[in-house]
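Trainee: Chains as they are written, first to last, in the working numbering: chain F, 1 to 581; chain V, 1001 to 1337. Take this structure, written in structure tokens, and hold onto it; I'll ask about it next.
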Amino acid sequence: MSITPTNNYMNKKINIKINGKKYLVETGQTILNVARANNIFIPSLCYHPDLHVKANCRVCVVEIKGQRRLSTACSTQVAPGMEIFTDSAKVKTARDTNLELIFASHREKCSDCTLQYECSLLSLAKRYKIKANNFKDRKNNYLTYKFDKSVEIDGSQCIDCQNCVDVCKNVQKIGYLEVQGKGSDRKIIPTNNKKIDCIYCGQCTSHCPVASAQEQSQSLEVENILRDKKDKTVIAIFAPSTRMTIGEDFALPYGQDNSPKMIGALKKLGFDQVMDVNFSADTTTLVEATELLERLSSPRGVLPLLTSCCPAWVKYLEFYRPDLIPNLTTSRSPHIQLGGIIKTYWAKEKKIKPENIVVVSIMPCTAKKFEITRSELKIGKNYPVDYVLTVRELVYLIKKNKIDFKKVAVEKSDNLINDGSSAGLIFGASGGVMESALRTASYVLNSSAKNKLRTSRLEFKEVRGQAGVKEAQVTLSGKKLRVAVVNGIGNVKPVLKNIKKYDYIEVMSCPGACLGGGGQPIPVSREIVSKRTAGIYQVDKTSKLRTAHDNPSAVKIIEWLKDKKLDHEVLHTHYSKKTRK
Amino acid sequence: MNIIDKIKQAGLIGRGGAGFPTHLKWQAVKDAHSKIKYLVINGAEGEPGVYKDKYILVNHLDELAQGVKLAADCISITKIYFYLNPKYFDEYKKNITSSFNKVGLKGKFELFKKPSKAGYIGGEESTILNIIEGEILEPRLKPPFPTECGLWGQPTLINNIETLYNVSLVNKGKYKNNRFYSVNVNFKNKGVYELSSELTIAEVLKKTGNYPEYKFFVQVGGDAAGEVLNDKQLDQKVSGAGSITIFDFKKHNPEKLVKFWFDFFADNSCGQCTPCREGTYRLREMFNETKSVAKLLNNNKLSEIIENLNLTPFCALGSSIPMAISSYLKNVYNPNK
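What follows is the structure in structure tokens.
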């Protein structure tokens, strides 16, 4: 158990000095926070604003006047009259030694590493010109643990900061990862407890400072397909949240919608077509809202209805609470629906054989890599989606191929399948799936109600925001609907305990939902997720198309699938109890 | 006068090595607002060369039990954990239980065997809390201190066996400012002696009849983390956990000694922080490359790693690692010998 320094309730202002300069600061803050707020750089690896202060990497050491030993800035609070030096000779030597020692416990495969542009260790090593070869790599024979097709932890890269263990145990409350061994024999390993299994959320990957925990990368496989397509048509589809975050890796502002540039970059990489998963978020909404209304009106309808867009949540339910499988919506997740639509409707229109289409999904998620391998999703012989790349993997390909994202020619997506509504876009935020479904359910109920003057409701702000659990009672055309939104799987247990209280529950495994997804750019924190979220609702606010049911193409394609009796295969799925392999 | 005042007046300090005033710890736990409070008796005795806890268990168990009872009553302790070195556990389990029952602690205490793999770091007080809770074997970040947030987040008093034994003496007015000295020759224990804590190293050796006639040097305060002093430096008090280990200057093998220290720390690091986990690993690796102290001194990484262990470890045990090697090189080692 480690404990984060508590905030001093007094918030008194005190004088301190950093590197000889005076600062008037509030008490109760750590030296690191004060320094960063004043643009003084202090390096850190194990520090993460959302996790316990662990102070184990010892890279953020500073010298405090009057103290012989150095202190870690992350764990030491400022005190009146404190004189701090962040760059004294003593600090430099100790910091560089610790970085060098850490680097020697991290096997360098930087030149091939997907995360070389987001690695804190590599950037510090460059900044301080750390020599990598003073010591032998000591972890060369450490094992790599692969968690199905989603995430892997390469022990030979691990620097023992324990962020992965912390986020898995204390934020996600899964506890799949454990520290084993002592001293230099320490390893991070999956627990032996067979009652616990990984849900593939990938929060370990987005909280790892050195890419020891990372997605099982398929970026090079995809690159090879693009180089040598043979008779294949290669299509990229991109998730709602990804356009809102990709810019961060190219020094663009938080919360900016970069769809046109993203499409441009994907085309430049060689994709034949690019399509927007916002579209199939709309079809998902139409399927799910219909199911919700059916279940509500049928005496035998299983309630509450649970969302299924998040594959980590689905895995959680199948493993930990298989008794609730009947509550899950049968609707497939948006990118699986789009993959299916591409390989049926679009293939027919374009006269391309579905087996000659390769669908590559750009996702904020590591669990999607597992989801696409579920055999129950197959349509005939074909999987709807062939590859999933995280946003980070796409960034890697863009940078590796020297595409200037800021200047790339903007492009439009395919015209047969439109870009969807902003109700689809907000699928990326916590509460977004719920809100989109409520917009459509509200419309359906109102249009069947006698009073045509009542307008259907558009905004459901009570389900937005970063709270762990959001509850609301929504009145739709006189009907009361009790809803809950779980923002982060670590908050799910109390809601499942009182499940009878609700009619409809959205669960997203990552804090901040897909905008905080395990496959998103690094760094990520609650603060960053809030900025991403503000951006997505800003786009929604000014959008011309804010409801799924107003997307004519979505309605048309669902009708087409029903007509061809493909709706079940393309839009619906089923689930089964899972045990640990 | 209450017991805390008596302790204060007697000037008791912790005998685990850190030397913190005992009355302050007691007062802090007493003043802490909580219905649940724990007492942990630290009987880890993980520092090589120190045998005083065992000596007390053999010779003064009833006094120890009385000291524990005083603490339990004074601070309204909910439950006592007696955390004990596994080597002593089975042998003294019965006696401890009956002594503790005798003073009225029946049902209030639990004997907790220190895991054998816990080693040296398993004696650090916040690490003990983690071990009892079943958490990772590593020290906790301070603050908060165990006195406000200890076992399962409750105020916890952690005292060494010797400290609690002293408390019972203080209560009876029998405390004479003595302490226990473990005197060893070449790692072999010659005996444990209860003598004034004001004595110098030389005086302890003379009084106990252990002052060598040959040219010698000593390691004081533990065979691992203790300071190495030559025979001209013995006019000072005994530090740390009160051990004095005598080495024959001519017969000693510098390589064997350095290897012992480096192996000990590499094997006993918990692995939590970089300077200790990686530093002790690299010290051992560097030594094993040549197995020569003289050649080790040519390695320019040696001083960097040692200085880093002085300045940046997470816990006090980590920053005590360089003491033995640094003081040995400074006070004793002669490359031309």
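Just so you know, even glycine gets a beta-carbon here, dropped at the ideal spot from N, CA and C. Only a predicted model underlies this, so the values are computations on that prediction, with no experimental measurement involved.
What are the residues in the segment 1299–1321 of chain V lying within 9 Å of chain F by C-beta distance?
Mentor: Residues Lys1301, Glu1304, Ile1305, Glu1307, Asn1308, Asn1310, Leu1311, Thr1312, Pro1313, Phe1314 and Ser1319.
Trainee: Short check: CB of Lys1217 of chain V to CB of Glu1194 of chain V, under 8 Å?
Mentor: In the sequence on display, residue 1217 of chain V carries Phe and not Lys. Not closer than 8 Å, so no.
Trainee: Can the beta-carbon of His1023 of chain V be found less than 8 Å from the beta-carbon of Ile1007 of chain V?
Mentor: In this structure, Ile1007 of chain V lies closer than 8 Å to His1023 of chain V by Cβ.
Trainee: Return the residue from the list V:Phe1112, V:Leu1229, V:Ala1316 and V:Lys1069 that minimises the CA-CA distance to Ile1273 of chain V.
Mentor: Here the sequence assigns Cys to residue 1273 of chain V, which means Ile is not the residue at that position. Cα-wise, what sits closest to Cys1273 of chain V is V:Ala1316.
Trainee: Please state whether DSSP places Glu1124 of chain V in a helix, a strand or coil.
Mentor: Reduced to three states, the DSSP call for Glu1124 of chain V is coil.
Trainee: Would you mind stating whether Ile1161 of chain V and Gly1043 of chain V have Cβ atoms separated by less than 8 Å?
Mentor: It is a contact, given that the beta carbons lie within the stated cut-off.
Trainee: Counting only C-beta atoms, is Arg138 of chain F closer than 8 Å to chain V at any point?
Mentor: It does: the Cβ of Arg138 of chain F has a partner Cβ on chain V nearer than 8 Å.
Trainee: Measure from the alpha carbon of Ala437 of chain F to the alpha carbon of each residue in F:Ile64, F:Glu248, F:Ser123 and F:Ser331, then state which is nearest.
Mentor: Comparing Cα positions, the closest option is F:Ser331.
Trainee: In the segment 1204–1217 of chain V, which residues sit with their C-beta less than 9 Å from some C-beta in chain F, listed in chain order?
Mentor: Per Cβ criterion, the list is empty.
Trainee: Quick check on Val277 of chain F: does DSSP put it in helix, strand or coil?
Mentor: Correct three-state label for Val277 of chain F: helix.
Trainee: Rounded to whole angstroms, what is the Cα-Cα separation between Lys1108 of chain V and Gln1066 of chain V?
Mentor: So the alpha carbons of these two residues sit roughly 14 Å apart.
Trainee: Any idea which residues DSSP pairs Ile64 of chain F with across the strands?
Mentor: Partner(s): F:Ile84.
Trainee: Does any heavy atom of the ligand FAD sit closer than 7 Å to the C-beta of Val1258 of chain V?
Mentor: Among the ligands in the structure shown, none appear at all, so the ligand FAD cannot be discussed.
Trainee: Between Val1068 of chain V and Leu177 of chain F, what straight-line distance do the alpha-carbon atoms span, to the nearest angstrom?
Mentor: Each residue's Cα considered, the two are about 39 Å apart.
Trainee: For a contact meaning CB atoms closer than 7 Å, what does Asp197 of chain F contact in chain V?
Mentor: Those within 7 Å of Asp197 of chain F in chain V number zero; the least Cβ separation is about 21 Å.
Trainee: Nearest-angstrom Cα distance between His1252 of chain V and Ser105 of chain F?
Mentor: Each residue's Cα considered, the two are about 35 Å apart.
Trainee: Residues bridged to Glu178 of chain F by DSSP?
Mentor: Answer by DSSP bridge pairing, in chain order: F:Ile189.
Trainee: Could you tell me whether the Cβ of Asp1267 of chain V comes closer than 8 Å to any Cβ of chain F?
Mentor: Chain F, which has a Cβ nearer than 8 Å to the Cβ of Asp1267 of chain V, makes this yes.
Trainee: Could you tell me which chain V residues have their CB closer than 8 Å to the CB of Asn56 of chain F, listed as they occur along the chain?
Mentor: Within 8 Å Cβ-Cβ: Gln1272, Cys1273, Thr1274 and Phe1314.
Trainee: For the segment 83–104 of chain F, enumerate the residues whose C-beta is nearer than 8 Å to any C-beta of chain V, in chain order.
Mentor: The residues in question are Lys90, Thr93, Ala94, Thr97, Asn98, Leu101, Ile102 and Ala104.
Trainee: Measure the C-alpha to C-alpha separation of Ile489 of chain F and Lys1087 of chain V and round it to an integer number of angstroms.
Mentor: Rounded to the nearest angstrom, the two C-alpha atoms are 45 Å apart.
Trainee: What does DSSP give as the partner residue(s) for Lys146 of chain F in the beta ladder?
Mentor: DSSP, once it has assigned bridges, lists F:Glu152 as partnering Lys146 of chain F.
Trainee: Which residues in chain F sit within 8 Å of Lys1117 of chain V, going by Cβ to Cβ distance?
Mentor: Simply Lys182.
Trainee: Going along the chain, which residues of its own chain have a beta-carbon closer than 8 Å to the beta-carbon of Ile42 of chain F, five neighbours each way excluded?
Mentor: Excluding positions up to five away in sequence, the list reads Ile31, Leu32, Ala35, Arg36, Cys60, Val62, Ala73 and Thr86.
Trainee: Please state whether the Cβ-Cβ distance between Leu293 of chain F and Val486 of chain F is less than 8 Å.
Mentor: Their beta carbons are not under 8 Å apart, which means Leu293 of chain F does not touch Val486 of chain F by this criterion.
Trainee: Flag this pair as touching only if the segment 1279–1297 of chain V and the segment 1094–1110 of chain V have three or more C-beta atom pairs under 8 Å; answer yes or no.
Mentor: Because the criterion of three Cβ pairs below 8 Å is not met, the segment 1279–1297 of chain V and the segment 1094–1110 of chain V do not touch.
Trainee: Nearest-angstrom Cα distance between Ile237 of chain F and Lys65 of chain F?
Mentor: Looking at the two C-alpha atoms, the distance is approximately 56 Å.
Trainee: Looking at Ala1129 of chain V: is its Cβ nearer than 8 Å to the Cβ of Phe1112 of chain V?
Mentor: Checking the sequence shown, residue 1129 of chain V turns out to be Leu, not Ala. No, they are not a contact pair.
Trainee: Strictly below 8 Å CB to CB, what residues from chain V border Ser75 of chain F?
Mentor: Leu1141, listed in chain order.
Trainee: Please list the partners that Tyr1281 of chain V has in chain F, where partner means a Cβ-to-Cβ separation under 8 Å.
Mentor: Within chain F, the residues near Tyr1281 of chain V are Arg138, Gly183 and Ser184.
Trainee: Quick check: is the beta carbon of Asp1137 of chain V nearer than 8 Å to any beta carbon in chain F?
Mentor: In the sequence as displayed, the identity of residue 1137 of chain V is Leu instead of Asp. At least one chain F Cβ lies under 8 Å of Leu1137 of chain V.
Trainee: Just grab the DSSP bridge partners of Val1185 of chain V for me.
Mentor: V:Lys1188 and V:Ile1246, per the DSSP bridge assignment.
Trainee: Does Leu122 of chain F get closer than 8 Å to chain V when you measure Cβ to Cβ?
Mentor: No - not a single Cβ of chain V is within 8 Å of the one on Leu122 of chain F.
Trainee: Quick check: what's the CA-CA separation for Ala429 of chain F versus Ala513 of chain F?
Mentor: In a straight line, the C-alpha of Ala429 of chain F is about 6 Å away from that of Ala513 of chain F.
Trainee: In the segment 1099–1146 of chain V, which residue ranges form an unbroken beta strand (DSSP E) of at least 3 residues, counting only runs that do not cross its ends?
Mentor: Whole beta strand (DSSP E) segments, 3+ residues: 1109–1113.
Trainee: Tell me, please, which residues DSSP counts as bridged to Arg138 of chain F.
Mentor: In the DSSP output, where bridge partners are listed per residue, Arg138 of chain F has none listed.
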